[in-house]
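Asks:
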Amino acid sequence: MNDAALIDDTIAFVKETLQGAEGGHDWFHIQRVFNNTLLIAKDEEVDVLVVSLGALLHDIADAKFHKGDESLGPKMATDFLNAMGVKGSVVQHVSNIIKHISFKNSLEKKSGTTFNSKELQVVQDADRLDAIGAIGIARAFHYGGFKNRELYNPDIQPNLDLTKAEYKKSSAPTINHFYEKLLLLKDKMNTETGKKLAAQRHQFMLDYLEQFYGEWEGKL
């Protein structure tokens, strides 16, 4: 199977698998991350097939929708790619991207060596770009509504020192998520293209928060 046919089959698999998914983690999220990945990859020396498959499969089974099971996504992706006859080194690389892409893993105290590659960095930047800016704001409030969380509660302060376990269990108001994740992503970008795109989206979020607080307090 040639690469173009494999990408087409992977897109079809992802669309089918994510039918009815929560709006911030549906096919359109995958499509945006895929497009961001290809944009960033133009300026990086990476295996385009690996980053393409990593982007398309990175949320095939997001743990937050599967009782916290972080092994399911890599397994589903591996099973699919093996069934497609993809060579083992590519399958393993894509699986590692899925295992290590998440923001919450950056909250974990690392011991020993951990996986890293330029391909992971590209897909990670693409995914993080979709978590910030106008779409990031929309996704945050959509997921907050999905989980029936408060928009904002001035009596509940953001936790700026979350552990991975605390992050996974958090039910804090959506505004807190800006401080606990979204506003941190700009400084976690890996690539020059990612950093450039993130800077503009980061400023948009700061402007949004200023407007939000002004309206909340009846000043605007």
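Residue 139 in the numbering used here is what sits at position 132 of the sequence shown, and the numbering runs on without skipping anything. Beta carbons: idealized from backbone N, C-alpha and C, even for Gly. Here the structure is a predicted model, which means the values were calculated and not measured.
(1) So, is LYS188 buried or exposed, given that buried needs 16 or more other C-beta atoms within 10 angstroms?
(2) What does the alpha-carbon distance come out to for the pair ALA11 and GLN26?
(3) In three-state DSSP terms, what is PRO81?
(4) Are the beta-carbon atoms belonging to ILE67 and GLY80 less than 8 Å from one another?
(5) Report back the beta-carbon spacing between VAL129 and THR17 to the nearest angstrom; my notes put them in contact at under 8 Å.
(6) Straight-line CA distance for SER78 to LEU45?
(7) Give every residue of the same chain whose Cβ lies closer than 7 Å to the Cβ of ALA48, excluding the five residues on either side of it in the sequence, and list them in chain order.
(8) Tell me the rounded alpha-carbon separation between PRO124 and ASP50.
(9) Whose CA, out of MET91, LYS171, PHE185, lies closest to the CA of ALA141?
(10) Could you round the C-beta distance between PHE35 and ALA62 to whole angstroms and report it? I think they count as a contact, below 8 Å.
(11) Could you say which of GLY92, GLN38, ALA138, MET212 lies nearest to LYS22 if we only look at CA atoms?
(12) In three-state DSSP terms, what is ASP15?
(13) What is the rounded straight-line gap between the Cα of SER96 and the Cα of PHE72?
(14) When burial is assigned at 16 or more other CB atoms within 10 Å of the CB, is SER118 buried or exposed?
(15) So, with DSSP's three-state summary, where would you put GLU224?
(16) Determine whether the beta carbon atoms of HIS149 and LEU127 lie at a separation below 8 Å.
(17) Buried or exposed for ALA84, going by 16 or more other Cβ atoms inside 10 Å?
(18) Comparing alpha-carbon positions, which option in LYS203, ALA138, LEU64 lies nearest THR24?
(19) Straight-line CA distance for LEU167 to GLN99?
(20) From what residue to what residue does the alpha helix (DSSP H) around ASN43 run?
(21) Could you check where the alpha helix (DSSP H) with GLY143 kicks off and where it finishes?
(22) Over what stretch of residues does the alpha helix (DSSP H) that includes TYR174 continue unbroken?
Replies: Taking the structure as given:
(1) buried
(2) 23 Å
(3) helix
(4) yes
(5) At roughly 17 Å, the Cβ-Cβ gap does not stay under 8 Å, so VAL129 and THR17 are not in contact.
(6) 26 Å
(7) VAL55, VAL58, VAL129
(8) One point to set straight first is that residue 124 is Ser, not Pro, in the sequence displayed. Cα-Cα distance, rounded: 15 Å.
(9) PHE185
(10) In fact, because the Cβ distance is near 13 Å, the residues do not count as touching under 8 Å.
(11) GLN38
(12) helix
(13) 28 Å
(14) Any reading at SER118 needs caution, since the residue's pLDDT is 48, under 50, leaving its predicted position unreliable; the model's value is listed next. Flag for SER118 reads exposed.
(15) coil
(16) no
(17) buried
(18) LEU64
(19) 34 Å
(20) 34-48
(21) 140-153
(22) 171-176
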